[in-house]
Structure formats: structure tokens, C-alpha cells
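One structure is given here, and the rest of the page talks about it.
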DNA sequence: GCTGAATGTTTGAGCCAGCAAGTATTTATC
DNA sequence: GATAAATACTTGCTGGCTCAAACATTCAGC
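Protein chains in written order, with the numbering used here: chain A, 242 to 380; chain B, 242 to 380.
Next comes the structure, spelled out in C-alpha cells:
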């Protein structure tokens, strides 16, 4: 069985991601948001005009369409984000990052990146570069 | 903000893992088991005498103790696995891989490893080695 | 050898996500 | 320009996992 190495790598990646996700969740809990919510805020922050269609959000965050709907509901209530209808296409409802949401994101980003740095600290500079290349190749 | 690179790496890893997990789930669905169940079978298969304490299983698979209990219940019913009480310590209930479970695992392992190989195919040999080193360093 | 802490497991309640089905709107075909 | 297919989104239902609490058993200190 020659492809056992690949199987072990995939298992290792799963374990690693599990660990990372828990740490990042802890880091973000201080800001009252989950990792998934952070991903949404990040996408919106990077999007043109801080607004996006829900379906693109779903794609970029790796969620289903219904997952986005349910995730966004509380975020709208809290005011991190608000809806906006599209004049051109009445099917789509755009999601817009609010100022409050942008502020929370910026605070959370500091924590997130700091935690990420701590997690990846065991890697040397060239290992980190290699990892970036690997992710790019596999995504 | 110099640690942005690390944050992006962590986000990239999350996306990658998301993709991998879905592919592996599809590969395993032919055998009627989930990725988590596969992980359990794998651990049991590798364990001495094909048996393990539930708590060690939880640790190795990255689940909570209650998660293991709930995951195992259907697997016991189907006969992939069975309980066994520990004579030395009446608190623990050992999980034992059944012959049927071992058979299913061996079949599933082929699919799993094959899918893993396909996923990692874009990587060169030395990238794959680098990834193994990175995972080891970070776990 | 008794009492309190620690350990292993199960159970109840709740959250988060997915799938399938339903609604509304737009696009394509004829 | 009517009909069918495709697209964007929401909702009902369900599964999987967690946390906190309960319970049973063992271990440690006196």
C-alpha cells in the first residue's frame, strides 16, 4: 500500500486544523464572534464597497447558502452587518458590513493574527513559505 | 501589521481542510461511514489488541468524551465495534474493533488513501515531505 | 479505612451546519 | 411574449458535536 503516506498526511492535516480551529475560536471569543463569523467579516472587509452577495459569501467561506442565511441573521440583529436589496436583480440581497462590524473586525483581526503567529511560531521562515506554496497548490 | 501573513496562512489552511474533508467524506460514503467514524476505526485498528478506552479515542480523534459516546452508539448497533468492561477499573468501558469493523475499515482505507493521493497529487515529492515536517512541528 | 479529589462515562439541552423543498425572480428558447 | 430552466435566497427537518451536570468508581492523604 504505497499511498499510505498520503492518507497519513490527510489525517495529520485534519488533526492540525482541529487544533488550530479551537485556538482561534478561543482567541476570537473575547470579541464575541465565532471563527465562521470572523471569516464572513474578513470577506466583507476585503470586498469592494464592503458588500457582497450571500452566495459569494457562502462560496468564499465554504458554507452552504442556508448556512449563510442562518449565520447572518444574528449578525444583522446585533448590527455587525445589514441587508441591502439589489436594484438590478431582485433575487439577490446584498450583505453590507456596518461601521460597527468593521470596528469589531479590526479588533478581532489583531487577536486572530496574533494567535496565528503564536501557532505557527514553531515553523522556520522557509517552512512557512513552503506551507504557503502548498496551500496555494492544493486549493 | 506584520503578522498578517500568518493569519492568511491559517485562513488558507481552514479552506484547504474544508475542501479535503468534503472529498474524503464523499470517498467514504460508498462504505457507509463518515470521516469521523473512519478515524475511530483507524485508531482502533492501530491500537494494541484492537481495543481502546473511550477517552483515549476521544483525544486521538479530537472529539469530546460525549461526542465519542454518541458516535459509537450506532457503530455498536451495526456491529463495527463492541463494548468490553475492564476488569481492573470498572469506570472504563473498552471499545473493541469487531471483525466486521476491521473488514469495513480495510475496504474504506483503500478508498481513503486513494482519495488522499488524488488530493495531494499537485504536490511534488519534496513538497509532500515538507508538509509532513510542518504537520509534525505544529501538532 | 474514611473522606475528598480525581477519573471515566453517559445524559440533557442547545448550537451550528447541511440537505431538500419551497418561493421569488431572472434568463433563455421558441 | 409565454414557458421552461436557471439562479438567489429562505425554511423545516435532521445529524453531529459541545458543554455542563449527574453518576460511578478509583486513588490519595490523613
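Glycine is no exception: its CB is placed at the ideal position from the N, C-alpha and C atoms. Just so it is clear, the structure is predicted and the values come from calculations on it, not from any experiment.
Asked                                                                                                                                                                        : Found
With a threshold of 7 Å between beta carbons, is residue 372 of chain B in contact with chain A?                                                                             : yes
Tell me the rounded alpha-carbon separation between residue 316 of chain B and residue 275 of chain B.                                                                       : 11 Å
So, are the CB atoms of residue 244 of chain B and residue 358 of chain A less than 7 Å apart?                                                                               : yes
For residue 306 of chain A versus residue 296 of chain A, is the C-beta spacing smaller than 7 Å?                                                                            : yes
For residue 294 of chain A, list the residues DSSP reports as bridge partners.                                                                                               : A/335
Taking CB distances under 7 Å as the criterion, tell me whether residue 303 of chain A reaches chain B.                                                                      : yes
Kindly indicate if chain B contains any beta-carbon less than 7 Å away from that of residue 353 of chain A.                                                                  : yes
Could you spell out where the alpha helix (DSSP H) holding residue 355 of chain B opens and where it closes?                                                                 : 340-361
Evaluate contact between the region 307-314 of chain B and the region 254-270 of chain B, counting only Cβ atoms and requiring at least three cross-stretch pairs below 8 Å. : no
Quick one: which chain B residues come within Cβ less than 7 Å of residue 247 of chain A?                                                                                    : 354, 357, 358 and 361
What are the residues that DSSP puts in a beta bridge with residue 272 of chain A?                                                                                           : Residue 272 of chain A is not bridged to any residue.
Buried or exposed: which applies to residue 248 of chain B, given that a residue is buried once 16 or more other Cβ atoms fall within 10 Å of its Cβ?                        : buried
Taking only three categories from DSSP, how would you classify residue 420 of chain B?                                                                                       : This structure leaves residue 420 of chain B out entirely; chain B is present only between 242 and 380.
Determine the direct distance from the alpha carbon of residue 373 of chain A to that of residue 366 of chain A, and round the result to whole angstroms.                    : 11 Å
Do you know how far the Cα of residue 333 of chain B is from the Cα of residue 327 of chain B?                                                                               : 6 Å
Taking residue 317 of chain A as part of the beta strand (DSSP E), name the residues at either end of that continuous run.                                                   : From DSSP, residue 317 of chain A is part of no beta strand (DSSP E) but of the alpha helix (DSSP H) over 306-319.
Do residue 349 of chain B and residue 272 of chain B have their C-beta atoms within less than 7 Å of each other?                                                             : yes
Use the C-beta contact count for residue 265 of chain B: other C-beta atoms within 10 angstroms, 16 or more gives buried, fewer gives exposed.                               : buried
Using a cut-off of 7 Å between C-beta atoms, extract the partners of residue 254 of chain B located in chain A.                                                              : 258, 261 and 376
Could you tell me whether the Cβ of residue 368 of chain A comes closer than 7 Å to any Cβ of chain B?                                                                       : yes
On a CA-only basis, which of B/304, B/267 and B/325 is nearest residue 293 of chain B? Give me that one, please.                                                             : B/325
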